[in-house]
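**Q** As they're listed, the protein sequences go chains A and B.
For the first sequence, position 423 matches number 424 in the numbering used here, and the numbering has no gaps at all.
For the second sequence, position 48 matches number 460 in the numbering used here, and the numbering has no gaps at all.
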Amino acid sequence: MSSCHAPAEVLVEEPPAPVVPGAKVRFRTVALIGPPNCGKSTLFNRLTGMRQKVANYPGVTVEHHSGKMKSIGRSDLTLIDLPGIYSLATYSEDARVAVEVLTGKMPGVPVPDCVLLVLDATHMNRQLMLAAPVFSIGLPTLVLLNMSDQLEARGGKIDTLALAKELGHPVALISAAQGKGLDVIPDFLLRAGSKPDDGTRPLQLPILQSAASCRSWATQVTGRTKYQAPAAALWTRRLDSVLLHRFAGPLIFLAVVFAVFQVVFTIGQPLSDGMGTILTNLGAHAALALPDNWIRALVRDGLWNGVQSVLVFLPQILLLFLFIGILEDSGYLARAALIADRVMRAIGLNGKAFIPLLSAYACAVPAIMATRTIENKRERLATIMVAPFMTCSARLPIYTLIIAAFIPNTRFLGGIIGLRATVMLSLYALGFLAALITAKLLNSSVMKASAAPFILELPQYRWPTVQSLTLRLYDRGKLFLKKAGTIILACTFVVWVLSVLPLHGAQFSDITHSIIGHIGHWIEPVIRPLGFNWKIGIGLLSSIVAREVIVGTLGTLYGMDPATHAASLQGALRHDMTIGGAIALVVFFAFAMQCTSTLAIVRRETNSWKYPAIQFTYMTIVAYVAALVTNQVIVHLF
Amino acid sequence: MQVTALSNAKVGSAGVVERIDLPEEVSHHLAHLGFLPGTHVEVLRRAPAGDPRVYRIDGVEVGLRNETAKHIFLKLAKTQTKDAA
Chain A
2 MSSCHAPAEV
12 LVEEPPAPVV
22 PGAKVRFRTV
32 ALIGPPNCGK
42 STLFNRLTGM
52 RQKVANYPGV
62 TVEHHSGKMK
72 SIGRSDLTLI
82 DLPGIYSLAT
92 YSEDARVAVE
102 VLTGKMPGVP
112 VPDCVLLVLD
122 ATHMNRQLML
132 AAPVFSIGLP
142 TLVLLNMSDQ
152 LEARGGKIDT
162 LALAKELGHP
172 VALISAAQGK
182 GLDVIPDFLL
192 RAGSKPDDGT
202 RPLQLPILQS
212 AASCRSWATQ
222 VTGRTKYQAP
232 AAALWTRRLD
242 SVLLHRFAGP
252 LIFLAVVFAV
262 FQVVFTIGQP
272 LSDGMGTILT
282 NLGAHAALAL
292 PDNWIRALVR
302 DGLWNGVQSV
312 LVFLPQILLL
322 FLFIGILEDS
332 GYLARAALIA
342 DRVMRAIGLN
352 GKAFIPLLSA
362 YACAVPAIMA
372 TRTIENKRER
382 LATIMVAPFM
392 TCSARLPIYT
402 LIIAAFIPNT
412 RFLGGIIGLR
422 ATVMLSLYAL
432 GFLAALITAK
442 LLNSSVMKAS
452 AAPFILELPQ
462 YRWPTVQSLT
472 LRLYDRGKLF
482 LKKAGTIILA
492 CTFVVWVLSV
502 LPLHGAQFSD
512 ITHSIIGHIG
522 HWIEPVIRPL
532 GFNWKIGIGL
542 LSSIVAREVI
552 VGTLGTLYGM
562 DPATHAASLQ
572 GALRHDMTIG
582 GAIALVVFFA
592 FAMQCTSTLA
602 IVRRETNSWK
612 YPAIQFTYMT
622 IVAYVAALVT
632 NQVIVHLF
Chain B
413 MQVTALSNAK
423 VGSAGVVERI
433 DLPEEVSHHL
443 AHLGFLPGTH
453 VEVLRRAPAG
463 DPRVYRIDGV
473 EVGLRNETAK
483 HIFLKLAKTQ
493 TKDAA
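Rendered as structure tokens:
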């Protein structure tokens with residue numbers, strides 16, 4: 002993919018500029034900007050390392066990454082990562098955010114002192130179109146031509162000196178993926194920071210609002226500087242002729258998805274089991290240090306049992322995100338979108354809905370925020386309404402728990418395909434199907450389809466970098482642990498308290514006669530036909546807060562019941578549930594809207610309680626009916 | 413020179429963009445991907461379902477549905493000449 006004998010030294014070519022000694026400006030904030038797919042995030046990760054913060058800009062849903070530029074020895078400087086945009090023309094919210102940050106009008110974000118403009122060196126004619134509007138803002142700018150390795154390997158040429166003279170700004174060739182040429186950045190920051198901006202640039206800028214004029218300017222610049230575009234990426238073409246092949250393409254797509262689930266089970270399950278053993282022992286040992294009274298009971302039976310039942314799923318969640326990361330970073334996900342577009346259109350969803358829906362596999366909350374890129378209001382609403390049906394990672398704990406407990410580890414077709422992975426994949430398919438049908442219903446009744454276009458850039462295939470994958474896993478893991486330490490901990494605490502009260506003298510209630518036992522038995526008639534006992538019912542109630550909570554609640558409830566106290570949660574469930582009830586439970590979770598964060602974000606994005614209320618009611622009814630049918634069918638068939 | 417809608421051009425054929433009849437927002441986005449009058453475009457492949465199709469424009473590969481591509485018109489090149497710009 003890359004030439005290994007490329008010379009490592011890279012020069013910053015500076016246009017002649019007057020140097021006024023003594024006029025030092027102290028830099029604090031650096032903005033990073035570039036078009037989509039230019040390798041900006043890779044560079045951002047390179048420059049800041051693991052110490053980045055993610056936040057939302059006030060009033061908008063565009064995410065805001067910032068971090069100290071520690072990796073280049075400038076931890077005094079904050080790097081702000083702006084959204085990937087083609088131009089500063091304010092058709093999209095992303096572009097509006099970028100303009101506001103660059104011009105210092107974004108509340109809470111300091112005015113940037115200078116700009117790092119990242120462009121993909123292999124497509125200069127197109128990428129330079131963003132340079133003109135960025136220069137016009139008037140901040141000191143370093144132009145970083147990324148993917149120098151690709152450019153060289155495929156025989157392209159750039160005269161950085163000529164380009165720097167033409168643009169009136171320093172220019173450098175870098176490779177963010179390989180970490181080459183990055184030493185120009187601290188050099189530039191030093192020089193630009195110690196030199197007052199004279200404000201006069203020898204630059205003729207095009208009419209900024211016109212794409213055609215920016216384009217012809219860019220073409221003239223590349224022409225005058227004798228830019229040679231590299232040859233087509235042969236490997237990408239060759240791979241695409243297989244991966245987008247009429248028959249092989251969809252089959253490979255399915256095989257890839259299946260392989261991911263297979264690995265989540267075959268590698269993830271033993272890891273989770275091992276982690277479970279370690280956590281149980283840890284809890285048992287730690288409990289000995291506590292006084293043998295209600296405190297030990299609370300910590301061990303209440304909190305630890307609940308939280309550790311959720312924690313054990315960390316390896317599987319991380320594995321899933323590792324694969325999603327590889328697929329996304331390699332460029333395969335864009336091909337998947339192309340393959341899936343036909344299905345999306347058949348149900349009347351915008352092609353643009355594919356990306357939010359895909360990210361809903363991680364979590365519906367960012368997915369619903371991402372729908373802001375859909376201009377058409379009704380299509381956006383349709384996407385918001387169906388997004389929570391996509392199988393988010395919060396469903397993974399209950400899915401893997403039930404599957405590991407009830408589905409035998411049978412393999413067929415010579416051991417390639419496992420039954421557990423098949424069931425898991427079916428659950429994902431079920432959620433997707435529910436989303437499709439709901440979208441179709443919305444489309445043929447309330448909302449009519451419109452012709453918003455599907456425009457998808459297919460990036461070249463790239464090797465995912467270890468650094469970017471590590472960062473994804475780190476982010477995900479942190480989020481998961483945080484949730485386990487806050488929401489899940491709090492819920493298991495409440496469940497524990499309610500399951501020991503009321504006190505009989507100085508004695509705890511036994512669980513069936515506790516408050517929670519009464520609540521559970523009171524709702525049991527409603528859920529009995531679904532094959533759920535009262536403990537599952539309490540799990541369902543508590544998981545309205547967040548889906549993972551059910552696992553924590555069940556861990557606590559079964560841990561406190563003398564009959565199942567000694568067994569693992571899997572064993573306890575096997576002892577207490579029929580296969581019909583177990584399958585009905587995962588089916589219920591495939592459809593139900595058990596997530597207050599999602600409801601809150603739908604309320605915020607639609608500005609009304611109407612839609613979250615409709616969504617909650619609709620999804621709960623679908624979940625109830627589907628679970629009922631599942632249980633009844635299994636009971637009567639087997 | 414024959415002018416045809418991009419959606420009608422065969423896979424493997426190439427030409428120069430003549431005009432784009434799409435709303436401002438869409439054509440602005442397309443322009444930044446390279447779809448501007450005078451640019452060389454090549455029909456690269458079809459998605460497995462036949463639609464969308466993938467076009468190579470100025471070194472970039474872009475997937476478009478036929479419903480969008482039918483509003484982009486190009487002058488078909490008789491022979492496969494390379495980008496003259």
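We put the CB at the ideal spot given by N, CA and C, even for glycine.
Using the rule of at least 16 other Cβ atoms within 10 Å of the residue's Cβ for burial, across every protein chain shown, is A:I73 buried or exposed?
**A** Classification of A:I73: buried, given that the 10 Å Cβ count is 16 or more.
**Q** Ordered along the chain, which non-local residues of its own chain (more than five positions away) have a Cβ less than 6 Å from that of A:S544?
**A** Excluding sequence neighbours, A:S544 sits near V550, I551 and Q595.
**Q** Would you kindly report the start and end of the unbroken beta strand (DSSP E) that includes B:N420?
**A** Here B:N420 belongs to no beta strand (DSSP E), and DSSP marks it neither H nor E.
**Q** Note down the Cα distance separating A:I408 from A:P292, rounded to an integer number of angstroms.
**A** If I take the Cα positions, the gap works out to 40 Å.
**Q** State the Cα-Cα distance for the pair A:R301 and A:I622, rounded to the nearest angstrom.
**A** Rounded to the nearest angstrom, the two C-alpha atoms are 36 Å apart.
**Q** Could you say if the region 33 to 48 of chain A and the region 75 to 86 of chain A meet the contact criterion of at least three C-beta pairs nearer than 8 Å?
**A** In short, these stretches touch, since the Cβ pair count reaches three.
**Q** For A:K158, which residues does DSSP report across the bridge?
**A** Paired residue(s): A:Q229.
**Q** Note down, in chain order, every chain B residue with its Cβ under 9 Å from the Cβ of A:E458.
**A** What A:E458 touches in chain B: L445, V472, E473, V474 and G475.
**Q** Would you identify the three-state DSSP class for A:D330, choosing helix, strand or coil?
**A** Helix, per DSSP.
**Q** Within 9 Å (strictly less), CB to CB, does A:F455 reach chain B?
**A** So yes, A:F455 belongs to the interface.
**Q** Any idea if A:D577 is buried or exposed, counting beta-carbon neighbours within 10 angstroms, 16 or more meaning buried?
**A** Buried: at least 16 other Cβ atoms inside 10 Å.
**Q** Reducing DSSP to helix, strand and coil, say where A:A337 ends up.
**A** Reduced to three states, the DSSP call for A:A337 is helix.
**Q** Checking 9 Å against the spacing of the C-beta atoms, do B:R468 and A:A233 come in under that value?
**A** Yes, these two residues count as a Cβ contact at 9 Å.
**Q** Can you tell me which of the three DSSP states A:I408 falls into?
**A** Here A:I408 sits in coil by DSSP.
**Q** Compute the Euclidean distance between the alpha carbons of A:A173 and A:D121, then round it to the nearest angstrom.
**A** So the alpha carbons of these two residues sit roughly 12 Å apart.
**Q** Determine the direct distance from the alpha carbon of A:I584 to that of A:G415, and round the result to whole angstroms.
**A** If you take the alpha carbons of A:G415 and A:I584, they lie about 26 Å apart.
**Q** Contact between the region 221 to 239 of chain A and the region 142 to 160 of chain A: three or more CB pairs below 8 Å?
**A** Yes, the region 221 to 239 of chain A is in contact with the region 142 to 160 of chain A.
**Q** With distances taken from CA atoms, which of A:I348, A:R225, A:M130 and A:F390 is nearest A:L443?
**A** Cα-wise, what sits closest to A:L443 is A:I348.
**Q** Assuming contact is defined by CB atoms lying nearer than 9 Å, are B:H444 and A:P36 in contact in what I supplied?
**A** Yes, the Cβ-Cβ distance between B:H444 and A:P36 is below 9 Å.
**Q** Should A:P22 go down as buried or exposed, given a rule of 16 or more other Cβ atoms within 10 Å for buried?
**A** Confidence at A:P22 is low in this model, with a pLDDT of 44, below 50, so its placement is unreliable and the value that follows should be read with caution. Exposed, since its Cβ has fewer than 16 Cβ neighbours within 10 Å.
**Q** Closest Cβ-Cβ distance between A:P231 and chain B: below 9 Å?
**A** Chain B, which has a Cβ nearer than 9 Å to the Cβ of A:P231, makes this yes.
**Q** Sort A:L280, A:K378, A:R529 and A:V264 by Cα distance to A:G419 and report the nearest one.
**A** Here the closest residue by C-alpha is A:V264.
**Q** If contact means a Cβ-Cβ distance below 8 Å, which residues of the region 115 to 126 of chain A contact chain B?
**A** Within the region 115 to 126 of chain A, the qualifying residues are T123, H124 and N126.
**Q** Would A:V311 pass as a contact of A:G572 if the rule is Cβ separation under 9 Å?
**A** Not closer than 9 Å, so no.
**Q** Please list the segments of the alpha helix (DSSP H) lying wholly inside the region 496 to 575 of chain A, counting only runs of 4 or more residues, in order along the chain.
**A** Listed in chain order, the complete alpha helix (DSSP H) runs (minimum 4 residues) inside the region 496 to 575 of chain A are 516 to 528, 535 to 543 and 550 to 561.
**Q** In three-state DSSP terms, what is A:G277?
**A** A:G277 falls in the helix class under three-state DSSP.
**Q** Could you tell me which of B:T480, B:D470, B:Q414 and B:N478 sits nearest to B:E430, measuring between CA atoms?
**A** Per the Cα distances, B:Q414.
**Q** Using a Cβ-Cβ cut-off of less than 7 Å, list which residues of the region 438 to 469 of chain B approach chain A; keep chain order.
**A** Answer set for the region 438 to 469 of chain B: V438, H440, H441, L442, A443, H444, L445, G446, L448, R457, A459, P460, A461, D463, P464 and V466.
**Q** Under 8 Å by Cβ, that's how I've got A:C727 and A:A354 pegged, so tell me the actual separation to the nearest angstrom.
**A** Outside the modelled stretch of chain A, which goes from 2 to 639, sits residue 727 of chain A, for which no answer is possible.
**Q** According to DSSP, is B:T480 part of a helix, a strand, or is it coil?
**A** The answer is helix: DSSP assigns B:T480 an H, G or I state.
**Q** Quick one: is A:L428 buried, meaning 16 or more other Cβ sit within 10 Å of its Cβ, or exposed?
**A** A:L428 should be labelled buried.
**Q** Against chain B, with Cβ distances strictly below 9 Å, would A:F413 count as a contact?
**A** It does not: the Cβ of A:F413 has no partner Cβ on chain B nearer than 9 Å.
**Q** Ignore the nearest five residues each way along the sequence and tell me which others in A:F533's own chain have a CB closer than 6 Å to its CB.
**A** Within the same chain, A:F533 has close Cβ partners G582.
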